[in-house]
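Heads up: the structure comes next, in structure tokens.
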Amino acid sequence: MRTVEENKLIADLLFSNVKESVEEILKRYPKRKLNEDQLILRFAPSPTGFVHIGSIYAALINEKLVRQSNGTFIFRAEDTDKEREIANGIEVLVEGIKGFDINIDEGALSFDKEIGEYGPYIQSKRVEIYKVFAKDLVSKGLAYPCFSTTEDLTAIRELQTEKGLRTGYYGEWAKWRDASVDEIKEQLEDGKPFAIRLYSKGNIENKINIKDLIKGGITLSENDMDSVLLKSDGLPTYHFAHPIDDTLMDISFVLRGDEWLPSQPLHMEIFSALGFDQLQYGHISPLMKLENGGKRKLSKRKDPEADVAYYIKEGYPIGAVKEYLFNIANSNFYDWRIQNPNEEVKEFELKLEKFNKAGALFDMTKLNDVCKEYISKLSSEELYKRTLSWAEEYNREIAQKLTNHRDYAINILNIEREGSKIRKDIAKYSDTLSLLEIFFDDMYEKVPKESLEMDKGLQKEILEDFLDVFYPGDAVDEWFGKIKNIATKRGFSTDYKEYEKEPKKFNGKVGDIAMVLRVAITGRKQAPDLYQIIQVMGESRVRERVKGYINSL
RNA sequence: GCCGCUAUCGUCUAACGGUUAGGACACAUGAUUCUCAAUCAUGUAAUCGGAGUUCGAUUCUCCGUAGCGGUACCA
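For the first sequence, the residue numbers in my numbering are 2 to 554.
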């Protein structure tokens, strides 16, 4: 064991250029003047150039809780891993957050721009702060320099594995924890790199009981690892940055992924070494995916839907994706939605105690259903607006059509959007493409056409009948009456039941007449309401389509 | 290997220790004087296994099993 004086000496040796004191820093980050129920929560991902849907899920939950309590939502970038860091990583994150309509009250907006009084909000810009605390811990004998190399550590681990022991840098294995001042000096004079490690006082045999905000009561063992606090490049590990940042930023509690649960004892020990009050945690279960009958975590590499950019690119309505995510967080959301179909999401109260403890499967089918429901409630003007803004980014051809033919486009999108028969077949803005393309001749030309089994001569007769009687001013009943007249004239039944009884008596049923028309006009066997399509398309285009089809027979 | 978390229809889940174990999505069938979609009706489908506590266990306890996570100078 080193003496108090020796520890001070080592601290000065290690951090000769650190002049600031812990007290001075603490003074720079005063406690916030807020009511106790106003939550200050943070979202603190690392910028890897990829925003995982699970990250957005966590961000969403934190922000929602903040909004409900009229608190403050902080975005902090944890860019302390140089290996994984990529250029523009922070911008990609901010874009993802904004893409989901999540508002940052405090934090980084880009690498060079921040808002808020408790910054910097980018960890690589906070290194001086971490060093002050590290120096303080060393001088108190609560941390120490470690000169073990990667090779040393690997050797230790192999030996431990061989002996069937717990791996790691702890107890007797922590060879630098009690090194003498001379030994340390020697390494320093040789210019050897060092990491700062926690001098753990914990005992693995001791159990600690924790109350997790989401998981409830859990039992963990005390930490006894001399974990790295500052890496040899001078940057902090997550374990060190987290207690300092969340304390200085005056966070209410931490909601994070449950992969952190096992390291909570470590964090608790660091909090107390730093002299900080303990923080409460809520550990969120991860979003899973079903594959080959088993559950697994949504993977950045294997699953396109793990990337939030996917939803933006496909044109998923963000409001609906958020609703789905809230539904995973609090399953009573869905019941609330059924009871309050037109209420805004902000009226729903998200509750920590309603969170599910197990990992939920991210179900694309269910998401699609939520999206269809959501889009079916939009007015045609609103859908037009949103589709256009999506298309401007991801489908220029459609964007141009929408811009140049605004009213026509709105009418198209309005088909079966009013009245008692509301379509629910559009889940995302890109789905409107297959509807729109029918209505623009140059696009329609490129669409593959479906054909009918029916005798071509008969088809031609039916369509010529139609051209004779077609009048766009007809009301639905008049229009359909004409279709029925054609049916009768050409030996088709107008009564489905009657036709079912004796199908041989007829050439077909009235539906078959409509089918010929549908294929002639839309090129498809399946399409929305024919009458409405015709109304929107207008007389000349309908006649052209029919004539064109007749000629192609 | 060790440590921890979790466990109800295919999926998301509901059920003061007492329910014919409920709902939603998906699926299937039927209805709907144009197809598809929508809508409506109906149906199939679950308490991981084993002990224990109890008059009674999906619910509490223990043991197993499985899934997930941790076991880094990554977060």
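The beta-carbon is built from N, C-alpha and C at its ideal position, and this holds for glycine as well.
Straight-line gap, PHE471 to GLU345 (C-alpha atoms, nearest Å) = Taking the first sequence and counting its residues from 1, one reaches residue 471 at position 470. Taking the first sequence and counting its residues from 1, one reaches residue 345 at position 344. Rounded to the nearest angstrom, the two C-alpha atoms are 45 angstroms apart.
May I ask you to list the residues that DSSP assigns as paired with ARG198?
-> As a first step, residue 198 must be located in the first sequence, where it is residue number 197. Bridge partners of ARG198: TYR145 and VAL229.
Where THR73 sits in the DSSP three-state scheme | Within the first sequence, residue 73 is the residue found at index 72, counting from 1. Three-state result, THR73: strand.
Roughly how many angstroms lie between the CA atoms of THR248 and ALA274, to the nearest whole one?
-> Here residue 248 refers to the residue found at position 247 when the first sequence is read from its first residue. Here residue 274 refers to the residue found at position 273 when the first sequence is read from its first residue. Going from the Cα of THR248 to the Cα of ALA274 covers about 13 angstroms.
Cβ-based burial, ILE215 [other Cβ within 10 Å; buried from 16] = By 1-based counting over the first sequence, the position of residue 215 is 214. Buried: at least 16 other Cβ atoms inside 10 Å.
What are the residues that DSSP puts in a beta bridge with ASN331?
-> Here the question's residue 331 lines up with position 330 in the first sequence. Looking at the DSSP assignment, ASN331 forms a beta bridge with PHE356.
With a 10 Å radius around its C-beta and 16 neighbouring C-beta atoms as the bar for buried, classify ARG338 as buried or exposed.
-> What you label residue 338 is simply residue 337 of the first sequence in a count that begins at 1. The residue is buried, with at least 16 neighbouring Cβ atoms inside 10 Å.
Please name the residue or residues paired with ILE535 in a DSSP beta bridge.
-> Reading the first sequence from its first residue, position 534 is the one you call residue 535. Its beta-bridge partners do not exist; DSSP assigns none.
Where the alpha helix (DSSP H) through LEU518 begins and ends = Residue 518 sits at position 517 when you count from the first residue of the first sequence. Run containing LEU518: 511-523, per the alpha helix (DSSP H) assignment.
Is it a yes or a no for the region 133-145 touching the region 165-174, going by three-plus beta-carbon pairs under 8 angstroms?
-> no
According to DSSP, residues forming a beta bridge with GLY258 = As a first step, residue 258 is located in the first sequence; it is residue number 257 there, counting from the start. Answer by DSSP bridge pairing, in chain order: ILE285.
Coil, strand or helix - ARG158 by DSSP = Along the first sequence, one-based indexing puts residue 158 at 157. ARG158: helix per DSSP, three-state reduction.
For ALA156, count neighbouring Cβ atoms within 10 angstroms of its own Cβ and tell me buried if that reaches 16, exposed if not.
-> Your numbering for residue 156 matches position 155 in the first sequence. It counts as exposed.
Compare the C-alpha of LYS202 against each of GLU152, ASP183, LYS186 and ALA144 and name the closest.
-> Stepping through the first sequence from its first residue, residue 202 is reached at position 201. Considering only alpha carbons, the answer is ALA144.
Between the Cα of LEU199 and those of VAL537, LYS126, PRO287 and PRO146, spot the shortest distance and give me the residue it belongs to.
-> Indexing the first sequence from 1 puts residue 199 at position 198. Selected option, being the one with the closest Cα: PRO146.
Are GLY117 and GLU107 closer than 8 angstroms when you measure CB to CB?
-> Position 116 of the first sequence, counted from the start, is the residue given in the question as residue 117. Position 106 of the first sequence, counted from the start, is the residue given in the question as residue 107. Yes; because the gap between Cβ atoms is below 8 angstroms, this pair is in contact.
Close beta carbons around LEU414, own chain, < 6 angstroms, minus the five adjacent residues each side = As a working mapping, residue 414 is identified with position 413 in the first sequence. Contacts found: SER381, LEU384 and TYR385.
Touch check for the region 486-494 and the region 430-442: three-plus C-beta pairs under 8 angstroms?
-> no
Counting only the same chain and skipping the five closest in sequence on each side, list residues whose C-beta sits under 7 angstroms from that of LEU40.
-> Your numbering for residue 40 matches position 39 in the first sequence. So the qualifying residues of the chain are LEU66, VAL67, SER70, GLY72 and SER253.
Going straight from the alpha carbon of PHE356 to that of ILE376, what length do you get?
-> If you number the first sequence from 1, residue 356 lands on position 355. If you number the first sequence from 1, residue 376 lands on position 375. Answer to the nearest angstrom: the Cα atoms are 27 angstroms apart.
Which one of LYS485, LEU518 and TRP480 has the shortest CA to CA distance from MET455?
-> The count along the first sequence starts at 1 and reaches residue 455 at position 454. Of the candidates LYS485, LEU518 and TRP480, the one whose C-alpha sits nearest the C-alpha of MET455 is LEU518.
Whole-angstrom C-beta distance between ILE514 and ILE555, which should lie under 8 angstroms = Outside the displayed span of the chain (2 to 554) sits residue 555, for which this structure offers no information.
How would you label GLN281, buried or exposed, when you count the other beta carbons within 10 angstroms and need 16 or more for buried?
-> Sequence index remark: in the first sequence, residue 281 carries index 280 (1-based). GLN281 comes out exposed.
List the endpoints of the continuous beta strand (DSSP E) containing ASP213.
-> Start at 1 with the first residue of the first sequence, and residue 213 comes out as number 212. Note, ASP213: beta strand (DSSP E), 208-213.
Given a cut-off of 8 angstroms, decide if GLY172 and ASP225 are closer than it, judged by their beta-carbon atoms.
-> Position 224 of the first sequence, counting from 1, holds the residue named residue 225. Position 171 of the first sequence, counting from 1, holds the residue named residue 172. In this structure, GLY172 lies closer than 8 angstroms to ASP225 by Cβ.
Straight-line CA distance for LEU221 to GLU306?
-> The count along the first sequence starts at 1 and reaches residue 221 at position 220. The count along the first sequence starts at 1 and reaches residue 306 at position 305. Straight-line Cα distance between these residues: approximately 34 angstroms.
Within the same chain, show all residues whose beta-carbon is closer than 7 angstroms to that of ILE98, passing over the 5 residues directly before and after it, in chain order.
-> Counting from 1 along the first sequence, the entry for residue 98 is found at position 97. Excluding sequence neighbours, ILE98 sits near ALA60, PHE76 and ILE105.
Span separating the alpha-carbon of LEU14 from that of GLY235 = Start at 1 with the first residue of the first sequence, and residue 14 comes out as number 13. Start at 1 with the first residue of the first sequence, and residue 235 comes out as number 234. Roughly 15 angstroms separates the two Cα atoms.
Tell me whether LEU468 is buried or exposed, calling it buried when 16 or more other Cβ atoms sit within 10 Å of its Cβ.
-> For the purposes of this step, residue 468 is identified with residue 467 of the first sequence, where counting begins at 1. It counts as exposed.
With respect to the alpha helix (DSSP H) encompassing GLY368, which residues constitute its N-terminal and C-terminal limits?
-> Locating residue 368 in the first sequence gives position 367, counting from the first residue. According to the sequence provided, residue 368 is Leu. The question's Gly does not apply to it. Its alpha helix (DSSP H) spans residues 365-377.
Which whole-angstrom value is the C-beta distance of PHE334 and LEU288, which I expect to be below 8 angstroms?
-> As a position in the first sequence, residue 334 is number 333, starting the count at 1. As a position in the first sequence, residue 288 is number 287, starting the count at 1. Actually they are not in contact, since the Cβ atoms of PHE334 and LEU288 sit about 16 angstroms apart, beyond 8 angstroms.
On the premise that PRO529 lies in contact with GLU417, defined as a C-beta separation below 8 angstroms, what is that separation, rounded to the nearest angstrom?
-> Your numbering for residue 417 matches position 416 in the first sequence. Your numbering for residue 529 matches position 528 in the first sequence. Correct: roughly 5 angstroms between the Cβ atoms.
Enclosing alpha helix (DSSP H) for ARG387 [first to last residue] | Walking along the first sequence from the start, residue 387 turns up at place 386. Per DSSP, ARG387 belongs to the alpha helix (DSSP H) from 381-395.
Own chain residues within Cβ distance below 6 angstroms of ILE219, not counting five before or after | Residue 219 sits at position 218 when you count from the first residue of the first sequence. Hits under 6 angstroms: ILE211 and ASP213.
With which residues is GLU115 paired in a DSSP beta bridge?
-> Position 114 of the first sequence, counted from the start, is the residue given in the question as residue 115. DSSP, once it has assigned bridges, lists ALA109 as partnering GLU115.
DSSP on LYS34, reduced to helix/strand/coil?
-> Taking the first sequence and counting its residues from 1, the one referred to as residue 34 is at position 33. Correct three-state label for LYS34: coil.
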